[in-house]
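Here the structure is laid out as structure tokens; the discussion comes afterwards.
There are 2 protein chains.
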Amino acid sequence: MAITVVGSVAYDSIETPAGKRERCLGGAATHFSLAASFYTGVRVIAVVGEDFGAEQESVFAQRKIDTRGIEHVSGKSFFWEGSYLESLNEAKTHRTDLNVFAGFDPKIPAAYGDSEFLFLANIDPVLQRRVREAMPGVKLVAGDTMNFWITGARPALLEVLKGLDILLINDTEARMLAEEDNLVLAARAIQSMGPKTLVIKHGEYGASLFHTVDGQPSYFKVPGLPLDKVVDPTGAGDSFAGGFFGYLASQKNHSPAAYRKAMFYGSVMGSFAVERFGTERIANLTREELDARFETFRKLTHLD
Amino acid sequence: MAITVVGSVAYDSIETPAGKRERCLGGAATHFSLAASFYTGVRVIAVVGEDFGAEQESVFAQRKIDTRGIEHVSGKSFFWEGSYLESLNEAKTHRTDLNVFAGFDPKIPAAYGDSEFLFLANIDPVLQRRVREAMPGVKLVAGDTMNFWITGARPALLEVLKGLDILLINDTEARMLAEEDNLVLAARAIQSMGPKTLVIKHGEYGASLFHTVDGQPSYFKVPGLPLDKVVDPTGAGDSFAGGFFGYLASQKNHSPAAYRKAMFYGSVMGSFAVERFGTERIANLTREELDARFETFRKLTHLD
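Listed below in structure tokens is the structure:
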């Protein structure tokens, strides 16, 4: 069942200890879509400039991602420049040019109207809420956010949270949003803001699922994959979200077991994302590689 | 099969957001022994002063831990004072009085001679090596160390590593010892220093096992337990080591499956350790609680 995702489609210039890339295809909606496309149909809502052409379009087309909701306007696409030279865990931003994204007014193609799943990638909560309200028929809504909105647009973000079933954020964001250092208490506080299910991403240490099973708080953990080389962490979190929510969207039954598998697929996609720059790894991933990686995660965590 | 452990038996004054305790029973050998005693016989080598009396002795006696190797000398026992007010992940040391520990010259009782397992807790590597060499008949040797020795006594520590089968350290220590930021590469470097098996502890994020199965590098991960209250992190790492090595010592067959279970028991004991101050939780733990917690970890990590 199809997911509609709204978020950024962008160009990233990235420097890491493994090297440098100028203007790779990036953006949260891009990374999310590519990862989710291995599990279900994906439809993108975004805005790009005149620098987004056939080459970029083909990255989506090869994964059969519906790009009719990517609006093309005059000007340049969103551009981000950053580096991970001191730490692979945190990007240092050198430049952010919103460009055409500054005037982003999400338009939902009629063909997207029957989407049962909606992912609100990390953008201005005002826009997240607008898209959420324009798609009242969706069955399950997940979203992401970041420090910038938690501190700078809290009231709007709190409104968005009320309409979310699932929130995926990292440790720092969870602590900041809940104003609580203990992650279990932070999760509880965030769950009371709206999203019944919370996924907290721990970077190289994996991720934690906080939800409720039979009326009781329930937890699940998936580790990060031990990697002897991390080429580029950009998009790892969005790829996690794509694997997680893509798998859920492919399932009829959203049982606790489905959520556990979704966590695995999230970490699987995150582990691939960092192996090459930008979208290079996931755009070229095969189903066989994905299945083999899933088994690697099983062996990494299971007693038998 | 019995473990002999050499290390500190001490008094700790601890302040955490949960409260304050003056002079609780502590020390690496204490925490290790109590945790390991749930799986196998434990024999301690340490030194204490005149302030160590019947009350402290009874904590060991109740867990049937052999204390004939705890030497009593005139003076005061090792004393540490620290707090975790800013972060539960890192202790701030306010005071360290080595006291009788300054002249510690480990003496191994004849009755310990048939121990098949040896744990060298975090003490001066010169002493670790002396005990290792005095017990050439042991079957499996594990050990711990810390930043202080990695930077201040590197040559002596490297000699100790040559005699270890298993090293258990934390992330920071592993990166420092290997002089390598990537944990997989750091693990590989440390394995080439001696210990074929390396356990890297990640605090609240659990621990990673790096070993070799059928000639290939093999990994296993165990998470930390989501806890809504961490009362006192002191001794969590030593309790992990006690659960891990205690379980291995209780097994005839040290298969990869036994190592995986050992990782679980390590994290189980670490999760109990932090629930109360000092040794309070593990000294009063029941086998039923332990088994239930093991099942909690299974549910936390297993798909089915």
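Protein sequences, first through last, are from chains A and B. For the record, in the first sequence the residue sitting at position 190 is 235 according to the working numbering, with numbers rising by one throughout. For the record, in the second sequence the residue sitting at position 176 is 221 according to the working numbering, with numbers rising by one throughout. Heads up, the beta-carbon is just placed ideally off N, CA and C, and yes, glycines get one too.
Selected residue, minimal CA-CA separation from residue i, among the options
i: residue 66/A; options: 336/A, 127/A and 282/A; result: 127/A
i: residue 221/A; options: 207/A, 140/A, 202/A and 210/A; result: 202/A
i: residue 266/A; options: 154/A, 137/A and 343/A; result: 343/A
i: residue 207/A; options: 240/A, 81/A and 59/A; result: 240/A
i: residue 13/B; options: 139/B, 216/B and 89/B; result: Chain B is shown from 46 up to 349; residue 13/B falls before or after that span and cannot be answered.
i: residue 82/A; options: 92/A, 175/A and 104/A; result: 104/A
i: residue 214/A; options: 198/A, 235/A, 199/A and 204/A; result: 235/A
i: residue 166/B; options: 284/B, 224/B and 147/B; result: 284/B
i: residue 169/B; options: 158/B, 318/B and 149/B; result: 149/B
i: residue 217/B; options: 310/B, 252/B, 341/B and 294/B; result: 252/B
i: residue 87/B; options: 172/B, 140/B and 159/B; result: 159/B
i: residue 328/A; options: 121/A, 151/A and 71/A; result: 71/A
i: residue 232/A; options: 250/A, 248/A and 212/A; result: 212/A
i: residue 225/B; options: 62/A, 56/A, 51/A and 50/A; result: 62/A
i: residue 98/A; options: 76/A, 121/A and 80/A; result: 121/A
i: residue 228/A; options: 275/B, 258/B, 321/B and 306/B; result: 275/B
i: residue 101/B; options: 130/B, 133/B, 57/B and 84/B; result: 57/B
i: residue 194/A; options: 184/A, 205/A, 332/A and 250/A; result: 205/A
i: residue 300/A; options: 93/A, 130/A, 242/A and 69/A; result: 242/A
i: residue 185/B; options: 133/B, 332/B, 296/B and 132/B; result: 296/B
i: residue 317/A; options: 96/A, 339/A, 60/A and 162/A; result: 339/A
i: residue 196/A; options: 219/A, 307/A and 146/A; result: 219/A
i: residue 277/A; options: 333/A, 294/A and 322/A; result: 322/A
i: residue 133/A; options: 182/A, 59/A and 92/A; result: 59/A
i: residue 163/B; options: 152/B, 135/B, 282/B and 188/B; result: 188/B
i: residue 315/B; options: 209/B, 257/B, 280/B and 117/B; result: 280/B
i: residue 271/B; options: 305/B, 319/B, 176/B and 173/B; result: 319/B
As assigned by DSSP and simplified to three states, the class of residue i
i: residue 76/B; result: helix
i: residue 168/A; result: coil
i: residue 312/B; result: helix
i: residue 105/A; result: helix
i: residue 319/A; result: coil
i: residue 58/A; result: strand
i: residue 135/A; result: coil
i: residue 25/A; result: Nothing can be reported for residue 25/A, as the shown portion of chain A is limited to 46 through 349.
i: residue 344/A; result: helix
i: residue 209/A; result: coil
i: residue 330/B; result: coil
i: residue 65/B; result: strand
i: residue 280/A; result: coil
i: residue 150/A; result: coil
i: residue 143/B; result: coil
Chain A residues whose Cβ lies nearer than 8 Å to that of residue i
i: residue 217/B; result: Near residue 217/B there are no residues of chain A at all, since even the closest Cβ is about 14 Å away, more than 8 Å.
i: residue 343/B; result: 348
i: residue 309/B; result: 348
i: residue 329/B; result: Correct list: empty, because the minimum Cβ distance to chain A is about 23 Å.
Listed by chain order, chain B residues near residue i by CB distance under 8 Å
i: residue 306/A; result: 348
Contact list for residue i against chain B, beta-carbon separation under 9 Å
i: residue 289/A; result: Simply none; closest approach about 14 Å.
i: residue 230/A; result: 273 and 274
Beta-carbon neighbours of residue i, restricted to chain B and to distances below 7 Å
i: residue 317/A; result: Those within 7 Å of residue 317/A in chain B number zero; the least Cβ separation is about 16 Å.
Amino acids of chain A, ordered along the chain, whose beta-carbon sits closer than 9 Å to that of residue i
i: residue 134/B; result: The contacting residues do not exist; residue 134/B stays about 10 Å from chain A at best.
Quiz prompt | Contained alpha helix (DSSP H) runs [length at least 4] in the segment 214-274 of chain A, N- to C-terminal order | solution = As far as the segment 214-274 of chain A is concerned, its whole alpha helix (DSSP H) runs of at least 4 residues are 216-223 and 228-236.
Quiz item: Which residues, in order along the segment 244-266 of chain B, keep a beta-carbon less than 8 Å from a beta-carbon of chain A?
Solution: So the close ones are 247, 249, 250, 251, 253, 255, 264, 265 and 266.
Practice problem: Just list the alpha helix (DSSP H) runs in the segment 85-130 of chain A, keeping only unbroken ones of 4 residues or longer that don't cross its boundaries, in chain order. | Solution: Within the segment 85-130 of chain A, the runs of alpha helix (DSSP H) at least 4 residues long that lie entirely inside it are, in chain order, 99-107.
Quiz item: Unbroken alpha helix (DSSP H) runs of length 4 or more, entirely within the segment 152-206 of chain A: which are they?
Solution: For the segment 152-206 of chain A, whole alpha helix (DSSP H) runs of length 4 or above, ordered along the chain, are 170-179 and 192-197.
Quiz item: Between the segment 185-205 of chain A and chain B, which residues of the former have CB atoms less than 8 Å from a CB of the latter, in chain order?
Solution: Taking a C-beta cut-off of 8 Å against chain B, none of the residues of the segment 185-205 of chain A qualify.
Practice problem: Mind checking the segment 145-167 of chain A against chain B and listing, in chain order, the residues whose C-beta falls within less than 9 Å of any C-beta there? | Solution: Contact annotation: in the segment 145-167 of chain A, no residue has its CB less than 9 Å from a CB in chain B.
Quiz item: What are the residues of the segment 268-297 of chain A that lie near chain B, defined by any Cβ-Cβ distance shorter than 9 Å?
Solution: Those would be 268, 269, 270, 271, 272, 273, 274 and 275, in chain order.
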